[in-house]
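The opening position of the sequence shown corresponds to residue 3 in the working numbering, with each subsequent residue numbered one higher. Only one structure is covered here, and it is reproduced in the block below.
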Amino acid sequence: MATFTFHANEGATFMCQLDGDAATSCTSPVGYTGLGAGKHTFTVIATDAAGNSSAPATFDWTIDFEPPETMITSGPVDGSTTTDTSATFAFEGKDNVTSPANLDFECKLDAGAFASCASPASYTTLSRTQHTFAVRAVDQAGNEDPEPDSRKWTVEKLTAVITFGAAPTPTHLGGNFTVSATTTNSDSSTLTYSMMSGPCSWVSGATFSSTGAGICTVKASGAETTNFQAASSAQDVTIAKAASTTTFGPAPTPTYLGGNFTVSASNDSGGAITYSAVSGPCALVSGATFSSSGAGSCVVKAYSAATANYLASWAQQTVTIAKATPTITFGAAPTPTYLGGNFTVSATTTNTDSPTLTYS
């Protein structure tokens with residue numbers, strides 16, 4: 003509907019005309035309804051009591067029922083993903099009547115309401131989730147774009163980086179060990195630790211125990227937070243073998259020529275023990291058995307082989323081989339006669355070092 007108000011000197015009459023219709027007598031205000039879309043012209047002429055007519059007064063306007071179109075020209079791509087918590091959108095519109103420069107715009111973000119805006123529209127400190135930006139043009143007739151242009155994009159959470167410090171160097175049976183890690187998650191520095199594989203067990207916090215030697219793989223994990231995704235990292239900790247101890251039992255007390263002798267040793271690792279002669283008048287026969295080749299100090303060695311969890315070890319023992327007792331044997335006794343002259347005896351010894359005998 004269009005309503006026009008007009009006036010002239012007292013006593014004047016008026017003739018009104020709409021577009022190309024015939025002029026008709028009218029009074030102020032005059033209204034028109036049911037007008038069609040397009041350009042319209044209203045004309046009014048005043049005539050005074052003397053019959054003098056005024057110059058026509060006109061008003062041109064356009065009735066527009068067609069809504070404008072809206073186009074987003076830049077900003078996050080529809081369906082895209084980013085870690086940037088800021089977004090800026092540029093947009094423009096076109097209309098059949100209103101020039102682009104005279105179009106108004108309304109924007110909305112997510113579930114918010116449309117509100118007046120201008121290009122470019124910027125948003126900051128966006129939450130790390132999916133967002134939808136929509137914009138619609140409004141022409142001078144108040145027509146709104148019924149299909150606002152929109153962009154949907156996701157501000158994803160950042161990926162935290164978990165970094166381990168230098169790996170500890172524990173030894174089996176040497177007590178518990180502790181690892182250390184940090185995270186780039188600025189929301190929360192809290193990390194939880196767990197055992198992934200290997201000869202180890204989680205105790206508490208960042209502390210682990212060893213159940214043997216080898217490579218223990220531990221993991222540090224950070225939970226998902228407002229701005230960061232869940233993350234984890236692993237570290238290999240090499241658990242060194244424990245030192246073993248080899249111990250001899252009491253040393254035997256062999257005698258030269260008294261037969262072989264045997265030593266005995268044990269260890270705390272369970273490793274196989276092999277024996278050898280180090281020095282002295284002895285030689286290995288087999289296993290832990292030795293023979294003597296003379297009297298003196300025989301040094302023997304017991305070697306415990308390395309096992310999965312223990313290092314090799316060895317020990318030495320000195321075995322004193324006592325001298326043998328030689329046997330002296332006389333030959334047949336002579337049968338001398340008194341005043342029959344001297345007589346001689348004869349004897350032999352088993353002493354292989356020296357067969358010399360003295361008589362008395």
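Note that beta-carbon positions come from the ideal geometry of N, C-alpha and C, so glycine has one too.
Check, Outcome
"Residue(s) in a DSSP beta bridge with D62", "T43"
"Three-state class that DSSP yields for A103 in the structure shown", "helix"
"Cα-Cα separation between G176 and A310, rounded to whole angstroms", "16 Å"
"Coarse secondary structure for Q142, derived from DSSP in three states", "coil"
"CB of N11 within 7 Å of CB of D50, strictly", "yes"
"Pick from T171, I65 and A117 that is closest to Q142, judged by C-alpha positions", "I65"
"A244 vs Y312 beta-carbon contact at 7 Å", "yes"
"Segment contact, 8 Å Cβ cut-off, at least three pairs: the segment 70-84 with the segment 109-120", "no"
"Alpha carbon of I323 to alpha carbon of A290, nearest angstrom", "16 Å"
"Rounded C-alpha distance that separates W316 from G272", "13 Å"
"Option in S212, S294 and C28 with minimal Cα separation from T171", "S212"
"Collapsed DSSP secondary structure at V181 in the structure displayed", "coil"
"Collapsed DSSP secondary structure at C230 in the structure displayed", "Checking the sequence shown, residue 230 turns out to be Phe, not Cys. Of the three classes helix, strand and coil, the one that applies to F230 here is strand, per DSSP."
"Segment limits, beta strand (DSSP E) that includes D151", "D151 to V157"
"Short Cβ contact (7 Å threshold) for T90 with S124", "yes"
"A215 beta carbon less than 7 Å from that of H174", "yes"
"Contact check, T35 vs D21, beta carbons under 7 Å", "no"
"The segment 219-233 in contact with the segment 190-201 per 3-pair CB rule at 8 Å", "yes"
"Runs of alpha helix (DSSP H) lying entirely within the segment 201-253, each at least 4 residues, in chain order", "none"
"Cβ-Cβ distance between F345 and P338 below 7 Å", "yes"
"Short Cβ contact (7 Å threshold) for P150 with T72", "yes"
"Delimiting residues of the beta strand (DSSP E) encompassing K325", "It is not in any beta strand (DSSP E) - K325 carries neither H nor E in the DSSP assignment."
"Opening and closing residue of the beta strand (DSSP E) in which Y312 lies", "No beta strand (DSSP E) contains Y312, which DSSP labels as neither H nor E."
"Delimiting residues of the beta strand (DSSP E) encompassing P33", "In the sequence on display, residue 33 carries Gly and not Pro. Run containing G33: V32 to Y34, per the beta strand (DSSP E) assignment."
"Boundaries (first-last residue) of the beta strand (DSSP E) holding S129", "Unbroken run through S129: none, as it is neither H nor E."
"Rounded distance between the beta-carbons of F210 and M197, thought under 8 Å", "6 Å"
"Short Cβ contact (7 Å threshold) for V220 with V163", "no"
"From P256, F93, Y195 and N262, residue whose alpha carbon lies closest to that of P78", "F93"
"Local Cβ density within 10 Å of S306, reported as buried at 16 or more and exposed below that", "buried"
"Residue of S152, T131, D97 and T165 minimising C-alpha distance to V140", "D97"
"Y195 - containing beta strand (DSSP E), residue span", "T194 to S199"
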